[in-house]
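Heads up: the structure comes next, in structure tokens.
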Amino acid sequence: MSVKSSPATPASAASTRAVVEEFLAARLAGDTGRLTELFADEVDWVLAENPAVPWIRPRSTAAECASQGAELMEYTVPEDARASVDAFLVDGNDAVLTGHLSGTVRATGKSFEGPFALRLTVEGGRITRHHLYENSLSIAEACTP
């Protein structure tokens, strides 16, 4: 096993943390315009495709990535949406958040929940990587009538 490590500077870590905090605030506010500005023109987006879940699909442009939050709110009950962050780790340009999320699918009334891990990379003040790992089985079951 090899571990790739790049030199992390306090300045790059502080910049990464600031962009990620802005991302979280914009996501919470549903500010798609600001999210589009925060995402790079091309994003390395990973979220396991799930045909049963309408808001989970491949994305790569800033606009596509930014719209994911709005699509999520369209298909779920916003008042039931919950997310908590247990850890927020920053190493140079990379940030990892772990926590728990839950919600209710509007069309079925079924709930989903589970842990998540989100890896973001920030370069030049914009998010170039967005890899989200979540309980996709729970979400798919909640979307299935």
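For the sequence shown, the residue numbers in this note's numbering are 392 to 536. Backbone N, C-alpha and C fix where the C-beta goes; we use that ideal spot for every residue, glycine too.
Rounded to whole angstroms, the Cβ separation of alanine 486 and arginine 425 is 18 Å, and the two are not in contact under 8 Å. Rounded to whole angstroms, the gap between the alpha carbons of alanine 405 and valine 444 is 35 Å.
In terms of CA proximity to cysteine 534, Glu504 leads the group His522, Glu504, Ile518.
Secondary structure in the region 408 to 480: the beta strand (DSSP E) runs of 3 residues or longer, each lying completely within the stretch, are 430 to 437 in chain order.
Nearest Cα to alanine 402 within the set Gly516, His491, Pro536, Thr427: Gly516. For the pair of segments examined, the region 470 to 481 was found not to touch the region 446 to 454: the number of CB pairs separated by less than 8 Å stays below three.
Considering only Asn484, Ile530, Pro506, Ser502, the residue with the shortest C-alpha distance to histidine 521 is Asn484.
If you draw a 10 Å sphere on the C-beta of glycine 500, you find fewer than 16 other C-beta atoms in it, and that means exposed. The shortest CA-to-CA distance from glutamate 462 to any of Val496, Val434, Ala439, Leu492 is the one to Val496. Here leucine 438 is buried, its C-beta having at least 16 other C-beta atoms within 10 Å. Residues of the same chain with a CB within less than 6 Å of the CB of tyrosine 524, apart from the 5 flanking positions on each side, are Ala508 in chain order. A distance below 8 Å separates the beta carbons of glycine 460 and glycine 421.
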